[in-house]
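Engineer:
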Amino acid sequence: MSITDGTDLIDPGAYAENGPPHETWTKLRAQSPIHRCESADYPPFWAVTKHEDICRISREPENFLSFPGITMQRKEDVIDREQGVGAMRTIIEMDPPQHSSFRKVASPFFKPGQMKHIDPIVEESAKQLLDDLAGTTGEGECDFAMKVAVAHPLRVLSTILGVPREQEPRILELTNQLFAPEDEEIGLAGRVTETHREARNAAVMQLGMELYQLFEPIIADRRSNPRDDLATLLANGVVDGEPMGPMETLGYFLITFTAGHDTTKNALAGGLHQLATHPHELEKLRRNPELSASAVEEIVRWTSPVNYMKRTAARDTVVSGQNIAEGDELILFYASGNRDETVFDAPFEFRVDRAPNPHIGFGHGEHFCLGAHLARRSQRALIDAIVQRVDHLELAGEPEWIKASFVVGLKHLPIRYRFK
Ligand code: HEM
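Residue numbers for the sequence shown follow our numbering, beginning at 34 and rising by one.
1) Any chance the CB of PRO94 is under 7 Å from a heavy atom of the ligand HEM?
2) Going by beta-carbon coordinates alone, are GLY304 and ILE416 separated by less than 8 Å?
3) Enumerate in chain order the residues of its own chain whose CB-to-CB distance from ASN321 is below 8 Å, with the five nearest sequence positions on each side excluded.
4) Nearest-angstrom Cα distance between GLU359 and GLU331?
5) Contact defined as beta carbons within less than 8 Å: I believe VAL352 pairs with ILE87. What is the distance between those atoms, to the nearest angstrom?
6) Answer yes if the stretch 137-153 comes into contact with the stretch 73-84, meaning at least three C-beta pairs across the two stretches below 8 Å, and no otherwise.
7) Compare the C-beta of GLY370 against all C-beta atoms of chain D and say whether one is closer than 8 Å.
8) The ligand HEM heavy atoms versus the CB of LEU283: any closer than 7 Å?
9) Quick check: what's the CA-CA separation for LEU267 versus THR169?
10) First and last residue of the beta strand (DSSP E) that includes PHE78?
11) With a 10 Å radius around its C-beta and 16 neighbouring C-beta atoms as the bar for buried, classify GLN412 as buried or exposed.
12) Locate the beta strand (DSSP E) running through GLY303, then write down its first and last residues.
13) Please state the DSSP three-state secondary structure of ARG459.
14) Name, in chain order, the residues that DSSP records as bridge partners for GLY342.
15) When the Cβ atoms of the stretch 120-131 are set against those of the stretch 91-100, are three or more pairs found closer than 8 Å?
16) Since PHE97 sits in a beta bridge, which residues does DSSP pair it with?
17) DSSP on GLY46, reduced to helix/strand/coil?
18) Taking DSSP as the reference, what is the three-state secondary structure of CYS175?
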């Protein structure tokens, strides 16, 4: 019997119940690293689970395409790629040579040298959140995922994208609906009673319209009043000598927000879960604050918030001895690559001082995360603030997983804390 038909690897309900399917991935890495998955609900795909194979495929964007789509949908839910937000192509779904022309628009903002502009923003956000947590008594309980992990990247991204504070909650709702559509609490499921294709497509179109209305005035403002921020760079973006069109510009705002928010939020919540349940690792960090850089890398490896990316074979090929036909879909499970026992020593141990740590939580090759430096700085600012100011940290209830399999993580993380 086959190890899996792929349902437990891709079905959001399975993630909500059990978290990421590490047991299945471990078996696949050992016995069937390029595994054919055929199930009733999802189109057939190859599950790619080993670090080496994921990296190899990621280094060949001409052979393994992003353009046909990067996420897996149920057969009945496949959204219309010809209309509305469905038709919008952002850099994450572009292939060479178009991809690098578009990536150049935003990349100057994300260079390591630019982080001096980011540091004050991430530090201020971390300080405010910790002040709020401390309150007047210096101790308490909260849902860290919903209260702190959500708020930190939201404030940081809103600042660099020019989103006014009063619109922060709405933009968060909209992106949650886009990224965890099946979650009853935060996704589209609460809005769409029928789950069939038309209803879902209509809801996605509606989301697109609202997001457009939200970003339109910001784009207009940065064209007439340029400033030193990412919003200005995107609003005035030029590709191959031509100004970007309205859909491309809006798409860039959206991809930056959506790619940057839930990923960072889920890394922070998952990271704090580990620190709260591994007091000796927290203590290591307290004694050696310079370890926070490697702690953040370990958090990204451990949590792997971007669980997977899909690629489509551009031609017949062979991967690790397995024949792949043109048009076949391959799912690169970063979360599995990040537990590959042939690459990581004791991969199921969370170690803030892990070195080396060649994780692929930010992807690899052509599409390597554009926001990786920002994501590192922003996580580091919050982790540093917690390590310096919080004396005691423990779970105050059971964590709960988001019902999503693409950008994955904890939805609720109840904690009890005491400040120094
Ligand atoms: C812990 C946080 C984050 C994680 C784990 C993460 C992960 C990833 C991964 C795995 C990819 C590769 C996609 C692919 O191969 O197709 C990616 C791409 C990308 N990320 Fe991130 N990301 C994070 C934070 C951010 C932030 C903060 C931003 C922006 C502010 C951002 C912007 C992007 C963009 C624009 C791309 C597309 C790059 C391209 O296609 O060339 N990410 N990210």
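Backbone N, C-alpha and C define an ideal beta-carbon position, used for all residues, glycine too.
Structural biologist: To lay it out plainly:
1) No, since every heavy atom of the ligand HEM falls outside the 7 Å radius drawn around the Cβ of PRO94.
2) The Cβ-Cβ distance between GLY304 and ILE416 falls below 8 Å.
3) Once the five neighbours on either side are set aside, the close Cβ partners of ASN321 are ASP386.
4) So the alpha carbons of these two residues sit roughly 36 Å apart.
5) So it is not a contact: roughly 10 Å between Cβ atoms.
6) The stretch 73-84, when compared against the stretch 137-153, does not touch it at the 8 Å Cβ threshold.
7) This model lacks chain D altogether, as it is built from one protein chain only.
8) Every heavy atom of the ligand HEM is 7 Å or more from the Cβ of LEU283, so no.
9) Cα to Cα, the separation comes out at about 41 Å.
10) Segment 78-81, the beta strand (DSSP E) holding PHE78.
11) When all chains shown are included, GLN412 counts as buried.
12) Residue range 279-310 is occupied by the alpha helix (DSSP H) that includes GLY303, with no beta strand (DSSP E) assigned at that position.
13) The structure shown does not extend to residue 459, since the chain is modelled only from 34 through 453, so no value can be given for it.
14) The sequence as given places Met at residue 342; Gly does not occur at that position. The partner list for MET342 (beta bridge, DSSP) reads LEU365.
15) The stretch 120-131 is in contact with the stretch 91-100.
16) In DSSP, PHE97 forms a bridge with ALA346.
17) In the three-state scheme derived from DSSP, where H, G and I count as helix and E and B as strand, GLY46 is classed as helix.
18) Annotated three-state conformation of CYS175 is strand, per DSSP.
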